[in-house]
Structure formats: C-alpha cells, structure tokens
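Chemist: FYI, in the working numbering the residues of the sequence shown are 1 to 273. We put the beta carbon where it would ideally sit given N, CA and C, even for glycine. Predicted model only: the values in this text are computed from it and were never measured. I have a structure I would like to understand better, so I am pasting it below and will then ask my questions one at a time.
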Amino acid sequence: MLNGGTLLLIGCGKMGGAMLQGWLDRGLSGSQVTIVDPSAKASYMTPFKDQGVRAVENLSDIEDGLSPALVMFAIKPQMMDDAIGDYLRFVRPDTVFLSVVAGKKISFYEDNLGAEAAIVRTMPNTPAAVSRGMTVLFANPNVSDEQKIVCQEFMAAVGETAWLDNEDQIDAVTGVSGSGPAYIFLMAECLAQAGVDAGLPEELARKLAHTTVSGAGELIRQSDDTPTQLRINVTSPNGTTQAALEVLMADDGLQPILTKAVAAATNRSRALS
C-alpha cells in the first residue's frame, strides 16, 4: 500500500486499531508500521506486534532517521494541541499527514507544521470498526495525486470513501454520516421498545429490531434500487406497511425530525471547529 514506504500511526485505540488491522489484512507489512501510543505495552497491542508492527510509548523513542511516507493522527482532539508540534521534524515533500481527528481543520495543521506540509483531513465514522465505515477526505494543495491515492487506499480498507471539494462540507458530513450511526442505533432502540409495547418479549423484540435494521441497510447496499424504490416495493396498498408509513411520513413525521437533527449536529460541528 505504501510501495515500500513506512507508516507512523499516532494513536491506536478502537478506531486506529480497526484501521490498522484492515491495512494489515490488505497486505501492508507489519514491518512498515510504527505506532506511537502511551498504551504501547498493553496486551491488545500484542496481535499487532506479532505481525511485525513496532509500538513505542513516546515519539522520543523513535530514532531521528525515520522518514515515514505517511504520518497518521488517530488520537483524541484534546490531545492534538500538545502533540502536534513534536511532528514538525517529519515535514518533507514525500511525507503526507493524514488526520482522522475530529474538529481540527487543515489550518490547524498548517499553523503548527508549516504551510508547506502535505495534509489530508478525513471524517470517518464508527462502522469503520467493522470495515463498513464511510470516510470523506479533503486535501490541501501540497498533497500530490500519488499521495491522494495512498490516503484513499488506506481509508478504503475500512469502508467507502469520497473526496470533498470544500473543507466546510465536513460539518454537514458530520451531521449525516459522522453522527448518523447514532441515529440508526436510536432507531433500533425505538423499534425494539415499540415491539415490547406491542406485546413481544424484550429479547425477541430486540432481535427483530436489530436484524431488521442491519438487514435493511445491507439490502440498500446491495440493491440497484434506490431506498425510495425499495420502500415502494414493500408497501402494499392499504396494507400494514402503508399504515405505519402514513405515521412516519406525516408532516410532523420522520423527515422533519431528521432534518432538524442533522442541522443540529452540523451547527455544533461548526461551533467546535
């Protein structure tokens, strides 16, 4: 994936670890990877080390001669302010900085790493942990076409990808796909509770709801039909589904609620950036 180059991964929590395993499964050699994480000696790092990955607790443990092709930030936003300056020594034309850190704009990295740094900002979502994520990417002008391909390949290891033309679109992306999994989780909760209220045992209601939500998502993914057409296909005139949809599609139904929810998340993202 790096044509023999090396990856410096900053942070290897749930998201970073899921991405790393996806890259290793796709053929990245463990010997090409160095992790910097305070938990480098934790037991959950052992499977990565067994595949040849090097893990250190501090950046100071890395020799000065390391020249990674890709430096990836996968740490919490509140940690970035203190950490970012330490990576100035890796700025060079053949190194690209890839960030999955929420709320940190390209300008943050340029201010701390210099205007000449090649930077790609991304917004993944939590289904990346099961290789079913959605990630959008935005690059500054210093990123070469080859580096864009590398970054996209890395994020494609954990799901689908798309490039943005405007960094400001990331706020709306946050409202739709960044926070979106939580909306679906809530829908599964509500559907299960509705089943209980209708007289079903809790365990059965939960199984019905969870399987229905995940199955419907998989059907959308695999079908050539749009979600609208899939909905029409299963809605018989005067049937049970139509009765339910008349409630969900009312003027005060699901659409205006979701529109307000996405707008709220988008506005909060703007405020935090």
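#1: What alpha helix (DSSP H) runs, 4 residues minimum, are completely inside the segment 96-121?
#2: Which complete beta strand (DSSP E) runs does the segment 11-58 hold, if anything under 3 residues is left out?
#3: Do you know how far the Cα of E160 is from the Cα of Q147?
#4: Which residue marks the beginning of the alpha helix (DSSP H) containing L70, and which one marks its end?
#5: Name the residue from T46, D25 and N3 whose alpha carbon lies nearest to the alpha carbon of D94.
#6: Could you tell me if M1 is buried or exposed, where buried requires 16 or more neighbouring beta carbons within 10 angstroms of its beta carbon?
#7: Just the Cα atoms here: how many angstroms apart are M123 and R206?
#8: Taking all protein chains shown into account, decide if I149 is buried (16 or more other Cβ within 10 angstroms of its Cβ) or exposed.
#9: Quick one: what does DSSP say E63 is sitting in, helix, strand or coil?
#10: Pairs of beta-carbons, one from the segment 51-59 and one from the segment 67-78, closer than 8 Å: are there three or more?
#11: What would DSSP say about L137, mapped onto helix, strand or coil?
#12: Are the beta-carbon atoms of M80 and F97 separated by less than 9 Å?
#13: According to DSSP, is M155 helix, strand or coil?
#14: Would you mind sorting K104 into buried or exposed? The rule is 16 or more other CB atoms within 10 Å of its CB.
#15: Is it true that the segment 237-255 meets the segment 158-178, where meeting means three or more beta-carbon pairs spaced less than 8 Å apart?
#16: Per the DSSP calculation, E160 is bridged to which residue(s)?
#17: Quick check on the DSSP output: the alpha helix (DSSP H) that includes K260 runs from which residue to which?
#18: Considering only their Cβ atoms, is the gap separating N58 from V36 smaller than 9 Å?
#19: L113 and I84 - do their beta-carbons sit closer together than 9 Å?
#20: If distances are taken between C-alpha atoms only, which option among R270, A128 and M187 comes closest to L258?
#21: Near M45, what residues of its chain come up, given a Cβ to Cβ distance below 6 Å and the 5 sequence neighbours on each side ignored?
#22: Nearest to I170 by CA position, among F185, A139, I184 and V158, is which residue?
#23: Let's test the definition: count the other Cβ atoms within 10 Å of the Cβ of G11 and tell me whether it reaches 16, buried, or not, exposed.
Modeler: Working from what's here:
#1: 106-113
#2: 33-36 and 54-56
#3: 18 Å
#4: Note, L70: premise wrong, no alpha helix (DSSP H); beta strand (DSSP E) at L70 to F73.
#5: N3
#6: buried
#7: 30 Å
#8: exposed
#9: coil
#10: no
#11: strand
#12: no
#13: helix
#14: buried
#15: no
#16: M134
#17: L254 to L272
#18: yes
#19: yes
#20: M187
#21: A55
#22: A139
#23: buried
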